[in-house]
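Trainee: Counted the way our numbering counts, the sequence shown spans residues 6 to 221. Sharing a structure here in structure tokens format.
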Amino acid sequence: MRLILLGPPGAGKGTQATQIAQQYNIPHISTGDMFRQAVKQQTEMGVKAKGYMDLGKLVPDEIVIGIVAERLGKGDCDQGFLLDGFPRTKAQAEALDKILDELKSPLNRAINIEVCHEDLIDRLTGRRVCKECGSTYHVLFNNTAQAGKCDSCGGELFQRDDDKEHTAKERLAVYNEQTLPLINYYEEKGKLANIDGAGSIKSVFEQIKKALRSTG
Ligand code: AP5
Ligand code: ZN
């Protein structure tokens, strides 16, 4: 299964991606996670990416396309993959088409998770992430997050710098301007599956599985 996850910041892409990757036994490729890792390791790419991420802006296409092309060329993607947070611009979508054409591996589905603006702000500003294992929590929906410790590993929870309200709003504005047009792009190709992301994590996952049952 070759899938992409579309949807605004905070829609629940990362949350659902973990479960989808497990269910269909495909690698979860998150460009956001790849950049955060590079920032942590202070690689040359990480230093460049940090400047954009801290402002809530997109990292330039040529950097992102390069790392995704390299990642999709690895052997574990032969049987499929789940791209989370890529593509985010028309240039990235066209580059992905080209890469998949060359690999003779067409995309099966673009899953678009829809959530209203107010809920997105709440989800982003209330998100907490484990410093050790990267698990995601929410201050309103998980008691664990209020206690400040990770359920899985006991690690300390922190707030991502780009989840502060000002930057979260900027990320949503950037999404509306640069990423929203991709919904039409995939609809025209007959690949789009719209998912109502307002329900519980479980009910959103059920909808996704249902949408993928009809995928060839
Ligand atoms: P990235 O990490 O991709 O961030 P994003 O798209 O903004 O997505 P998020 O991780 O914020 O949200 P999510 O949809 O995964 O939500 P989550 O599941 O955590 O990108 C970060 C930055 O990297 C970008 O700003 C950019 O600078 C750069 N970048 C990355 N990719 C790029 C690209 N392709 N091109 C250029 N630049 C790129 O859920 C959010 C919260 O809600 C959590 O607390 C969760 O517990 C809670 N939650 C989830 N589902 C539910 C539910 N159903 N009900 C209640 N709460 C829920
Ligand atoms: Zn943890």
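Ideal Cβ placement from N, Cα and C applies to all residues, glycine included. Keep in mind that this is a model prediction, so the values were computed, not measured.
(1) Taking T149 as part of the alpha helix (DSSP H), name the residues at either end of that continuous run.
(2) Looking at the structure shown, is L217 part of a helix, part of a strand, or coil, going by DSSP?
(3) Start and end of the alpha helix (DSSP H) containing T23?
(4) What does a CB cutoff of less than 7 angstroms around T141 pick up in its chain, not counting 5 residues either side in sequence?
(5) Would you say L112 touches the ligand AP5, meaning its beta carbon is less than 7 angstroms from a heavy atom?
(6) I'd like to confirm something about G160: is its beta-carbon nearer than 7 angstroms to some heavy atom of the ligand ZN, or not?
(7) Below 8 angstroms between beta carbons: does that hold for K196 and R93?
(8) For K109 and L125, I'd like the C-alpha separation in whole angstroms.
(9) Just how far apart, CA to CA, sit K53 and P14?
(10) For F163, count neighbouring Cβ atoms within 10 angstroms of its own Cβ and tell me buried if that reaches 16, exposed if not.
(11) Would you kindly check if the distance between the Cβ of G90 and the Cβ of G37 is under 8 angstroms?
(12) Using a Cβ-based criterion (distance less than 7 angstroms to any ligand heavy atom), does D167 qualify as near the ligand AP5?
(13) Would you call G61 buried or exposed, if buried means 16 or more other Cβ atoms sit within 10 Å of its Cβ?
(14) What alpha helix (DSSP H) runs, 4 residues minimum, are completely inside the segment 113 to 197?
(15) Does the distance between the C-beta of Q157 and the nearest non-hydrogen atom of the ligand ZN fall short of 7 angstroms?
(16) Where I25 and V120 are concerned, what is the direct C-alpha to C-alpha distance, given to the nearest angstrom?
(17) Taking 8 angstroms as the limit between beta carbons, can you name the residues of its chain near G51, skipping five residues before and five after?
(18) If you run the structure through DSSP and keep just helix, strand and coil, what is S110?
(19) Can you tell me whether H143 is buried or exposed, with buried defined as 16 or more other CB within 10 angstroms of its CB?
(20) Could you name the residues that DSSP lists as bridge partners for R7?
(21) Could you tell me if the beta carbon of E137 falls within a distance shorter than 7 angstroms of some heavy atom in the ligand ZN?
(22) Less than 8 angstroms between the beta carbons of K95 and P32, yes or no?
(23) Determine the burial state of R176: buried for a count of at least 16 other Cβ atoms within 10 Å of its Cβ, exposed for fewer.
Mentor: For this structure:
(1) That run of the alpha helix (DSSP H) goes 148 to 152.
(2) Three-state DSSP puts L217 in a helix.
(3) For T23, the enclosing alpha helix (DSSP H) has its first and last residue at 18 to 29.
(4) Excluding sequence neighbours, T141 sits near G19, T20, R132, V134.
(5) Checking the Cβ of L112 against the ligand AP5 gives no.
(6) At least one heavy atom of the ligand ZN sits closer than 7 angstroms to the Cβ of G160.
(7) Cβ atoms of K196 and R93: not closer than 8 angstroms.
(8) In a straight line, the C-alpha of K109 is about 36 angstroms away from that of L125.
(9) Taking the straight line joining both Cα atoms gives about 21 angstroms.
(10) Flag for F163 reads exposed.
(11) In this structure, G37 places its C-beta atom within 8 angstroms of the C-beta atom of G90.
(12) Correct: D167 has its Cβ closer than 7 angstroms to the ligand AP5.
(13) Burial of G61 is indicated by the presence of at least 16 other C-beta atoms within 10 angstroms of its C-beta.
(14) Those alpha helix (DSSP H) runs which fall completely within the segment 113 to 197 and span 4+ residues are 122 to 130, 148 to 152, 170 to 179, 186 to 193.
(15) Per the sequence presented here, residue 157 reads as Ser, with Gln not at that position. Answer for S157: yes, Cβ within range of the ligand ZN.
(16) A direct Cα-to-Cα measurement between I25 and V120 gives close to 19 angstroms.
(17) Closer than 8 angstroms at Cβ, skipping near neighbours: F40, Q42, A43, V44, K45.
(18) It is coil, neither helix nor strand.
(19) Burial call: buried.
(20) When beta bridges are read from the DSSP output, R7 appears opposite F86.
(21) In terms of side-chain proximity, the C-beta atom of E137 is found nearer than 7 angstroms to a non-hydrogen atom of the ligand ZN.
(22) The beta carbons of K95 and P32 sit no closer together than 8 angstroms.
(23) Looking at its Cβ environment, which holds 16 or more other Cβ atoms inside 10 Å, R176 is buried.
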